[in-house]
Every structure is written in C-alpha cells, then in structure tokens.
Amino acid sequence: MDKENRETRQPMTAVWQNGGFSTKFNGSSSIELLCKKKISRYKFRTSMLPCLPAGRDCPTIAKPRNVVFHTKETLTMKLNLNNKYISILYWTFLIAITISCSSQSQPNKENQIRQTKTDSKLLKYTTGVRSFLEDSKGNIWFGSDKEGVCLLHKGKFQYFTTENGLSHNQVRNIYEDKNGIIWFECGIGLSIYDGQKMSIYKERNYDSTTQWKLGDKDIWFKGDELMDYNKLEKNPGVYQYDGQKLSYRLFPVTSKPGDGFKYNISTPFVKGKNGTIWFGAYKALIGYNGSDFKIITDEYLGLTKKIGGLHIRGFLEDSKGNLWIANNGSGVLKYDGKEAINMTTQYKLKREDTKGNSLERAYSIGEDAEGNIWIGTVESGVWRYDGNSFKNFTEKDGLEGTFISTIYKSKQGELWFGGNGVYRFNGKSFERKY
Numbered sequence: 241m242d243k244e245n246r247e248t249r250q251p252m253t254a255v256w257q258n259g260g261f262s263t264k265f266n267g268s269s270s271i272e273l274l275c276k277k278k279i280s281r282y283k284f285r286t287s288m289l290p291c292l293p294a295g296r297d298c299p300t301i302a303k304p305r306n307v308v309f310h311t312k313e314t315l316t317m318k319l320n321l322n323n324k325y326i327s328i329l330y331w332t333f334l335i336a337i338t339i340s341c342s343s344q345s346q347p348n349k350e351n352q353i354r355q356t357k358t359d360s361k362l363l364k365y366t367t368g369v370r371s372f373l374e375d376s377k378g379n380i381w382f383g384s385d386k387e388g389v390c391l392l393h394k395g396k397f398q399y400f401t402t403e404n405g406l407s408h409n410q411v412r413n414i415y416e417d418k419n420g421i422i423w424f425e426c427g428i429g430l431s432i433y434d435g436q437k438m439s440i441y442k443e444r445n446y447d448s449t450t451q452w453k454l455g456d457k458d459i460w461f462k463g464d465e466l467m468d469y470n471k472l473e474k475n476p477g478v479y480q481y482d483g484q485k486l487s488y489r490l491f492p493v494t495s496k497p498g499d500g501f502k503y504n505i506s507t508p509f510v511k512g513k514n515g516t517i518w519f520g521a522y523k524a525l526i527g528y529n530g531s532d533f534k535i536i537t538d539e540y541l542g543l544t545k546k547i548g549g550l551h552i553r554g555f556l557e558d559s560k561g562n563l564w565i566a567n568n569g570s571g572v573l574k575y576d577g578k579e580a581i582n583m584t585t586q587y588k589l590k591r592e593d594t595k596g597n598s599l600e601r602a603y604s605i606g607e608d609a610e611g612n613i614w615i616g617t618v619e620s621g622v623w624r625y626d627g628n629s630f631k632n633f634t635e636k637d638g639l640e641g642t643f644i645s646t647i648y649k650s651k652q653g654e655l656w657f658g659g660n661g662v663y664r665f666n667g668k669s670f671e672r673k674y
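Be aware that the sequence shown starts at 241, since it is given in my numbering, and climbs by one per residue.
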C-alpha cells in the first residue's frame, strides 16, 4: 500500500456464502472488478444494488449492503467511497463453483443440478426454497432461488434446471392451470411442464390489454424480466392465462417519475374470499373483483415515513377478512378495511426496541388452522401472532438459518416454511420435512 493512500483505506471483510464472497460496504457508487484475463466494470445506481445475501432481488436498499461476486481468478475490487478509493485483494483458491467475472447475471452452468432422481428424503438445494405447489396428481413441487425446481413424485425427487427446459433457475411461483399443466414463474420468463417434459412458454398476447375479466381458474404472472421489461410491460400490469392464451392486462394506474418499482409484481396472486384477485406489488396492493379495482398505496393507508411505507414481499387475507401485509423494511401491517395498523411498531418489535431479532424485514406470511398468523423474515426467523402477542422462533427452535422466504398451506392445512429447507411446526418447535 503506497503512503499517500494509506490513511484513506479501511479494512473490509469478505464472507464466503452460497458459492461466492459477500462483501459489506456503504455508499459505493462504482465497482471495478479486475480478473486475470478480463476486465469488467459495473456502475450501479443505488436502486440497482442488491441488498440481500446471495444476490436476491430487492429494489430498495438497506445499509450495509451485501454484494456477492463469483470468480475463480485473483480478484481486485475498487470501491469509490466518498471519492476515496479502497483497494482490496481477494485470493479465491478454494472456490468449487464458478462463473465468469464479466457476466454476473449469467446462470452458473457448473452449479446447475442435472435432471436426476434421488431417494433422499431431504432437498439438496443450497440457495433456499422459494415456492411450493401440491398439484392435482398428488405431486409436490419445490422452487429454488437459484437451482431450478424439484418434483417429488412417489417418494423420489426429480430436479430440473435451465438444462432441462426452465427459462431461468430462480423459480418464484408455481401454479397449475385448469388443464393440469404446471406453470413456473421464473426470474426471467415462464416455463411449463405437461407431465412429460419441461419447456419455455413464449406465446404472448398484447391485443386486449384493457379487457379485464375473471375466470374461476385463471392464473396470473408478473412481467418477463427482473430488471429489463419489454416496451409494453413498462406500463404497470400483469399477465393472465385463461386456459387458452396468455394476455397482458394493464393496471388502471399511471406511473409517475420516481415511482420506480411501485407497481411491479412482487408476490404470488391471492384469491380473496369474495372472489377478488389481489396482486402484491412492491409499493401497492391491487385488487380486482370482476368489475372494479381497489388500489392500496401508502397514500390510501395514510402511511408516512415515520410509520413506515409499503415494500410488499407477502400478503394474506385472513379468515376474518383482514389484510396482512409483510413489508421488507417497515414490518407487518394489518388492514381491516378501515384502518391500517403497523403491528411491528405497535408491539415494539423494531430493532431499536428489541435490541436483537426484529419484525422489520418481513418477507412471507400465512395463517394456520387455529387462526394464528405466521411471518417469515429475512434475518430473524419466524414470528407467530396468536391474537394477543408475538413469539419468535429461530435456530434454537429447529430452524436451519433465519431467512424464511415463503409460507405455504398444504392441502391438509399444515403450514410449510421455506428456507434452507422445508420445515413444519410440531406444536413446540420446527422440524425439517423436506
């Protein structure tokens, strides 16, 4: 280290996780990666930087942030912090799974699990379970964050990735249509499984964008891309599949400068008790009952920065008709149709109150047969609300890790919690199911 820069450089740490080094930093406006043979420069706007471990998508940024880089070469990284450069040398001799330094968004070919069948009783995913489906034939599907999808059929696991017909290895949501076809809403694009093979679904219809209607077994999808929508999809909307064709429907909203991801779909669709179809977007909850729309935003709920605005990652209409909204940042909101209550604030479960695990970064939500509300978080495990108080469950209660990205109610009424594996609650603690 030369003398003139010695005082401006600060120590930094890199943590190995999920096949890459994770580096924490604050306020970086540019990153330069220099590999042995290639040089790639990434200049990120604040809204483009990932804020969750292992490269999970997240349009708003929390500090400090984690950025994951994968490379088998010697890596030098320069970070511009307040116009002062810090140079750190990483020697990554023991990396088993690699991708090109010059293309961070490309799927890791060596990390893809080939289509295989196994008698193991536990999923072999390492990047987490993101979605579930029990289909009409009694099969169970598990979508992963980076490793494709797995089919559990007659006690055996069968794995599928982009090598087997998936459009992308991140499987956000899984649905079954009225014809028994299984649909996979991936990080990029859609795929279908017809009982024999997996394939990418490419047909789109754009000639009826305002012709909204509801069918009993319609399924709905976000736009095709995580970050790069096509020209029409830049107008907020959602895809509807009616059993015959996939058509884009525009939401009756107008995006304003600065709205960013406000109306981008961020959750599975939910069918309410009165037939309303609800769509969770990052900064809005949009409902359609067949004739009218209800659009719930910060302004609609009277939310302020002090209370905490919407950043929706999961939502639920409970057995009493209340809407529960899991927000990654502002915590859990309960809306009874008249008033919105920030449960995180009301029960003093913010980090500044608990001095430990908090209910600020809520990510998933579900209701059990007894009416208890369960919330999965990014970094604090699971919380249960019994109508009177909240209780927190973490590794000491049987969970392996503290990020619970999805909660699914099985056909038998049992809640499944998706994290490093699939867990169920046995009445006292959590146990690994798959």
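Ideal Cβ placement from N, Cα and C applies to all residues, glycine included. Quick caveat: nothing in here was measured; it's all calculated off a predicted structure.
Quick one: is Leu-373 near chain D, going by C-beta distance under 7 Å?
Here there is only one protein chain, and chain D is not present.
Inspect the CB distances between the stretch 443 to 451 and the stretch 400 to 410 and report whether three or more fall short of 8 Å.
The stretch 443 to 451, when compared against the stretch 400 to 410, does not touch it at the 8 Å Cβ threshold.
DSSP beta-bridge partners of Leu-589
Beta bridge pairing from DSSP links Leu-589 with no other residue.
Buried or exposed: which applies to Leu-362, given that a residue is buried once 16 or more other Cβ atoms fall within 10 Å of its Cβ?
Leu-362 comes out exposed.
So what's Leu-362 in DSSP terms, helix, strand or just coil?
DSSP places Leu-362 in coil when its eight states are reduced to three.
Best match in Ser-620, Lys-523 and Asp-499 for proximity to Ile-505 [C-alpha to C-alpha]:
The shortest C-alpha to C-alpha distance from Ile-505 to any of Ser-620, Lys-523 and Asp-499 is the one to Lys-523.
Return the chain-ordered list of same chain residues with a C-beta closer than 7 Å to the C-beta of Lys-673, the five sequence neighbours on each side being excluded.
The beta carbon of Lys-673 sits closer than 7 Å to the beta carbons of Trp-656, Val-662, Tyr-663 and Arg-664 from its chain, once the five residues preceding and following it are set aside; these are given in chain order.
Taking only three categories from DSSP, how would you classify Glu-671?
Under the three-state reduction of DSSP, Glu-671 is assigned to strand.
When you compare each of Asn-612, Arg-624 and Gly-420 to Glu-374 by their alpha carbons, which one comes out closest?
When only C-alpha atoms are compared, the closest one is Gly-420.
Distance, Cα to Cα, Tyr-649 vs Ala-609?
It is Lys, not Tyr, that sits at residue 649 in the sequence shown. Taken atom to atom, the span from the alpha-carbon of Lys-649 to that of Ala-609 is near 9 Å.
For the alpha helix (DSSP H) holding Glu-539, just list the boundary residues, first then last.
538 to 541 is the extent of the alpha helix (DSSP H) around Glu-539.
Can you give me the C-alpha to C-alpha distance between Tyr-503 and Leu-550, rounded to a whole angstrom?
Using only the alpha carbons, I get a separation of about 11 Å.
Rounded separation between Gly-368 and Glu-607 - CA only:
In a straight line, the C-alpha of Gly-368 is about 22 Å away from that of Glu-607.
Length at least 3, wholly inside the stretch 464 to 533: the beta strand (DSSP E) runs in chain order
List check, beta strand (DSSP E) in window: 477 to 481, 486 to 490, 517 to 520 and 525 to 528.
Cβ separation of Val-510 and Glu-557, assumed to be a contact under 8 Å, to the nearest whole Å:
Separation of the CB atoms of Val-510 and Glu-557 is rounded to 6 Å, and the pair is thereby assigned contact status at 8 Å.
What does a CB cutoff of less than 7 Å around Asp-482 pick up in its chain, not counting 5 residues either side in sequence?
Counting only Cβ-Cβ distances below 7 Å, and skipping sequence neighbours, we find Gly-455 and Asp-458.
Supposed close pair Ser-360, Glu-416 - CB separation, criterion 8 Å
No, Ser-360 and Glu-416 are not in contact; Cβ-Cβ is about 25 Å, not under 8 Å.
Nearest-angstrom Cα distance between Glu-579 and Lys-534?
C-alpha separation (whole angstroms): 15 Å.
Tell me the rounded alpha-carbon separation between Lys-462 and Asn-582.
C-alpha separation (whole angstroms): 27 Å.
Pairwise C-alpha distance: Asp-593 and Leu-430:
When rounded, the distance between both Cα atoms is 43 Å.
Output the boundary residues of the beta strand (DSSP E) element that contains Tyr-603.
From DSSP, the beta strand (DSSP E) with Tyr-603 extends over 602 to 607.
Express the C-alpha separation of Thr-366 and Ile-279 in angstroms, rounding to a whole number.
Low confidence applies to Ile-279: its pLDDT is 30, below 50, so where it sits in the model is not reliable, and the reading given next is rough at best. When rounded, the distance between both Cα atoms is 29 Å.
Contact check, Arg-370 vs Ser-620 under 8 Å by CB: the rounded distance?
Between the beta-carbon of Arg-370 and that of Ser-620 there is about 18 Å, and that puts the pair past the 8 Å contact cut.
What would DSSP say about Lys-574, mapped onto helix, strand or coil?
Lys-574: strand per DSSP, three-state reduction.
Output the distance between the C-alpha atoms of Gln-410 and Gly-388, rounded to the nearest integer angstrom.
Approximately 6 Å, taken between the alpha carbons.
Would you give the residue range spanned by the beta strand (DSSP E) that His-393 belongs to?
In the DSSP annotation of this structure, the continuous segment of the beta strand (DSSP E) that includes His-393 starts and ends at 389 to 393.
Is it buried or exposed for Gly-589, if we count other Cβ within 10 angstroms and need 16 for buried?
Note on identity: in this sequence residue 589 is Leu, with Gly being the wrong assignment. Buried, by the Cβ-count rule.
Could you tell me the distance, in whole angstroms, from the CA atom of Arg-489 to the CA atom of Ile-526?
Looking at the backbone, the Cα of Arg-489 and that of Ile-526 are separated by about 13 Å.
Is the beta carbon of Gly-520 closer than 7 Å to that of Thr-507?
Yes, these two residues count as a Cβ contact at 7 Å.
Tell me, to the nearest whole angstrom, how far the beta carbon of Phe-630 is from that of Leu-599; I am working on the premise that it is less than 8 Å.
At roughly 7 Å, the Cβ-Cβ gap stays under 8 Å, so Phe-630 and Leu-599 are in contact.
Just the Cα atoms here: how many angstroms apart are Gln-652 and Ile-380?
Each residue's alpha carbon lies about 13 Å from the other.
Give every residue of the same chain whose Cβ lies closer than 6 Å to the Cβ of Leu-392, excluding the five residues on either side of it in the sequence, and list them in chain order.
Only Ile-380 meet the Cβ criterion.
C-alpha gap between Glu-425 and Tyr-399, whole angstroms
Put simply, the backbone Cα of Glu-425 is about 16 Å away from that of Tyr-399.
Which residue from Gly-395, Asn-413, Ser-384 and Ile-414 puts its Cα closest to that of Thr-401?
Per the Cα distances, Ser-384.
If we ignore side chains and look at the alpha-carbon of each, how far apart do Ile-517 and Gly-569 end up?
Those two C-alpha atoms are separated by around 25 Å.
DSSP on Asn-404, reduced to helix/strand/coil?
DSSP places Asn-404 in helix when its eight states are reduced to three.
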